[in-house]
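Following: one structure in structure tokens, then a few remarks.
Chains as they are written, first to last, in UniProt numbering: chain A, 1 to 132; chain B, 1 to 247.
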């Protein structure tokens with residue numbers, strides 16, 4: 001296995017294979033009116049859930065990570081159009097760190113599990129009825 | 001779904017992007033997108049002129065975008081008497097939204113103390129498809145895409161406007177433990193009881209930024225349940241990881 005040289009040259013990908021496991025992003029403590037959007041659940045189901053929460057709460061917060069940013073924005077804009085402009089949107093963006101675990105394929109090869117960190121974008125949209 | 005009849009010799013049908021007719025166009029030889037026209041809902045809501053506008057497209061390279069934007073923002077010796085450029089707007093729609101947000105985040109990371117204003121709206125798009133065979137019929141497709149515009153400014157913006165986000169230096173710093181504990185104090189009372197792992201601190205940082213920027217009325221109550229839930233979430237994640245089969 002090739003270790004990074006002190007000169008700071010790039011780490012060479014060694015011939016041993018690694019399995020990539022993505023760690024789950026940190027799940028924040030969830031208030032009742034927090035909605036996390038993903039790409040696995042049906043769009044209409046998430047939209048209906050947000051609509052139902054909006055009826056009981058005056059404001060909800062929609063979070064989206066990576067590819068789900070588009071869907072989160074879509075849900076928020078759909079809620080706004082179906083409320084005939086009574087709702088207001090406030091969007092905040094942030095960066096989330098995601099950690100991948102690289103594990104050696106062959107348990108005989110004494111490779112150490114590496115971790116790789118990458119950054120992803122996230123959006124948090126507050127949907128609320130403005131105070132009169 | 002809108003279908004309007006032909007007006008002149010060449011048949012023109014208007015469809016909305018979700019109609020089943022669009023799938024027929026893919027199948028029946030309307031292969032190429034010949035012309036794309038975008039409806040101009042351009043102006044950022046209520047912004048003065050003299051601002052650098054970066055239009056992020058789906059195929060834009062972040063390296064090129066950031067090189068240009070950073071050079072313009074950091075260009076100190078301005079010929080107008082003021083120090084370089086004070087504001088920049090990143091805008092993108094459809095598949096470019098994520099890239100737009102990434103560009104803005106990278107700029108915020110490299111240049112600190114930037115105030116951010118985020119606006120969301122729908123952008124209309126009119127595509128004109130022409131038939132490959134026959135050549136005398138064309139279809140106009142209307143799409144509405146979600147679009148985002150992010151304004152980054154060195155000057156302070158109106159904090160009361162929805163979509164405002166203060167500079168990150170005020171809320172958290174990545175490696176600084178002191179600020180993390182200070183921010184965590186604002187969030188929950190019983191944070192001092194939890195062990196000070198670096199991972200837990202990051203949760204505080206992200207969560208406190210979130211709750212501070214949103215400042216909802218319910219930010220006080222979930223803090224108590226939040227700390228307990230965070231510890232179990234950490235344990236759950238460790239269990240989850242071991243149960244996932246190797247992919």
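For each residue, glycine too, the CB sits at the ideal point set by N, CA and C.
DSSP beta-bridge partners of residue i
i                      : result
residue 46 of chain A  : Paired residues: none, contrary to the question.
residue 117 of chain B : B:151, B:164
residue 115 of chain A : A:101
residue 89 of chain B  : B:53, B:151
residue 69 of chain B  : Beta-bridge pairing links residue 69 of chain B to no other residue.
residue 146 of chain B : B:122
residue 37 of chain B  : B:126
residue 34 of chain A  : A:61
residue 125 of chain A : A:62, A:91
residue 168 of chain A : Nothing can be reported for residue 168 of chain A, as the shown portion of chain A is limited to 1 through 132.
Minimum Cβ-Cβ distance from residue i to chain B less than 8 Å
i                      : result
residue 88 of chain A  : yes
residue 69 of chain A  : yes
residue 77 of chain A  : yes
residue 48 of chain A  : no
residue 118 of chain A : no
residue 92 of chain A  : yes
residue 140 of chain A : Outside the modelled stretch of chain A, which goes from 1 to 132, sits residue 140 of chain A, for which no answer is possible.
residue 95 of chain A  : yes
residue 123 of chain A : yes
residue 85 of chain A  : no
Cβ neighbours of residue i in the same chain (closer than 7 Å, five flanking residues each side left out)
i                      : result
residue 217 of chain B : Caution applies to residue 217 of chain B, whose pLDDT of 43 falls short of 50 and renders its modelled position unreliable; the value that the coordinates give is listed next. No residues qualify anywhere along the chain.
residue 54 of chain A  : 60, 79, 127
residue 250 of chain B : The question about residue 250 of chain B has no answer here: the residues shown for chain B are numbered 1 through 247.
residue 144 of chain A : With chain A running from 1 to 132 in the structure shown, residue 144 of chain A is simply not present.
Beta-carbon proximity list for residue i, same chain, < 6 Å, skipping 5 on both sides
i                      : result
residue 34 of chain A  : 61
residue 118 of chain B : 150, 163
residue 118 of chain A : 98
residue 52 of chain B  : 72, 85, 88
residue 177 of chain B : Model confidence at residue 177 of chain B stands at a pLDDT of 39, short of 50, so the residue's coordinates are unreliable; what they give is reported in the following sentence. The answer is none, since no qualifying residue turns up.
residue 32 of chain A  : none
Sequence-distant residues of the same chain with beta carbon closer than 8 Å to residue i, five excluded per side
i                      : result
residue 86 of chain A  : 129
residue 114 of chain B : 107, 108, 152, 153, 154, 167
residue 161 of chain B : 117
residue 81 of chain A  : none
residue 39 of chain B  : 123, 124, 125, 126
residue 60 of chain B  : 96, 99
residue 54 of chain B  : 65, 68, 69, 88, 89, 90, 91, 103
residue 58 of chain A  : 128, 129
residue 165 of chain B : 115, 116, 117, 118, 213
residue 62 of chain B  : 99, 102, 103, 106
Chain A contact for residue i (CB, 8 Å cutoff)
i                      : result
residue 208 of chain B : Reliability fails at residue 208 of chain B, whose pLDDT of 43 lies under 50, so the model's placement of it is uncertain and no value is given.
residue 104 of chain B : yes
residue 97 of chain B  : yes
residue 111 of chain B : no
residue 146 of chain B : yes
residue 92 of chain B  : no
residue 162 of chain B : yes
residue 65 of chain B  : no
residue 62 of chain B  : no
residue 194 of chain B : With a pLDDT of 37 at residue 194 of chain B, under the threshold of 50, the modelled position of this residue cannot be trusted, and the question is left open.
residue 114 of chain B : no
residue 52 of chain B  : no
residue 128 of chain B : no
residue 120 of chain B : yes
residue 36 of chain B  : no
Within 8 Å, strictly: CB atoms of residue i and residue j
i                      : j                      : result
residue 69 of chain B  : residue 88 of chain B  : yes
residue 103 of chain A : residue 113 of chain A : yes
residue 93 of chain A  : residue 122 of chain A : yes
residue 145 of chain B : residue 125 of chain B : yes
residue 152 of chain B : residue 104 of chain B : yes
residue 63 of chain A  : residue 76 of chain A  : no
residue 100 of chain B : residue 91 of chain B  : yes
residue 65 of chain A  : residue 120 of chain B : no
residue 94 of chain B  : residue 58 of chain B  : yes
residue 115 of chain A : residue 101 of chain A : yes
residue 69 of chain A  : residue 98 of chain B  : yes
residue 131 of chain B : residue 138 of chain B : yes
residue 37 of chain A  : residue 46 of chain A  : yes
Partners in chain D for residue i, counting only beta-carbon separations shorter than 8 Å
i                      : result
residue 165 of chain B : As a matter of chain content, chain D is missing from the structure shown, whose protein chains are A and B.
Exercise for review: Would you mind listing the beta strand (DSSP E) stretches within the segment 42 to 97 of chain A that are 3+ residues and don't spill past its ends, in chain order?
Suggested key: 59 to 65
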